[in-house]
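Worksheet: one structure, shown below.
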Amino acid sequence: MATVLEENQWTVLSHRMSLRGRPSGSNTFIWSYKGSRYLVKRPEDGRPARRWSVRCPVCGKALTYSVYSVVATRRRRWRRWIAMWASIAIATSVWFIPVDQNSGDSVLFDVSFSAFCIAYVLLRLAINERGFVGHGATWGPWLVTPHRVEITNKDGSAAVGI
Ligand SMILES: [Zn+2]
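Those letters in the sequence shown? Residues 5 to 166, by this note's numbering.
See below:
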């Protein structure tokens, strides 16, 4: 079940329990997190992001997040999708630029490769966009950050899709 963006958003703030990951297969590691659920009120649509301050229940660190409205979160997500497709268009279109065979096309390769890398980052950002910014909320499970914010459904089920 996909997680639904709601004005009253169930959220899990998690703390990474170890600095080093446990091996979980060939060349993969996992990190364990311990989290608590919170009900966070998003701003009304059309209103600027509001600040959500919370103290981590594990380490006691004060954390402040910017929380966007449902509509603003969808807009942020769509902007990332559009930017991702624009990067892919750039990455693929440079190969249609005629070049002199002797001059080398390494610049075109560099542009294309860079655009694909940027597209990949934008894809990850679009998938992980939850309308929360700060302290590991932006990157989701992609990066192993000390704190993580995930949104959940009311019944506590986690996000499977967007
Ligand atoms: Zn913590």
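Even for Gly, the Cβ is constructed at its ideal location relative to N, Cα and C.
{"Query": "Residue burial classification, leucine 9 (beta-carbon count within 10 angstroms, cutoff 16)", "Result": "buried"}
{"Query": "Span separating the alpha-carbon of lysine 45 from that of threonine 32", "Result": "36 Å"}
{"Query": "Nearest neighbour of threonine 15, chosen from Trp146, Pro150, His139 and Arg134 [CA to CA]", "Result": "Arg134"}
{"Query": "Histidine 139 vs tyrosine 69 beta-carbon contact at 8 Å", "Result": "yes"}
{"Query": "Bridge-paired residues (DSSP) for isoleucine 34", "Result": "Arg26"}
{"Query": "Whole alpha helix (DSSP H) elements within the segment 73-148, 4-residue minimum", "Result": "74-97 and 110-132"}
{"Query": "Heavy atom of ligand 1 within 7 Å of valine 62 beta-carbon", "Result": "yes"}
{"Query": "Buried versus exposed, by CB contacts within 10 Å (16 or more), alanine 119", "Result": "buried"}
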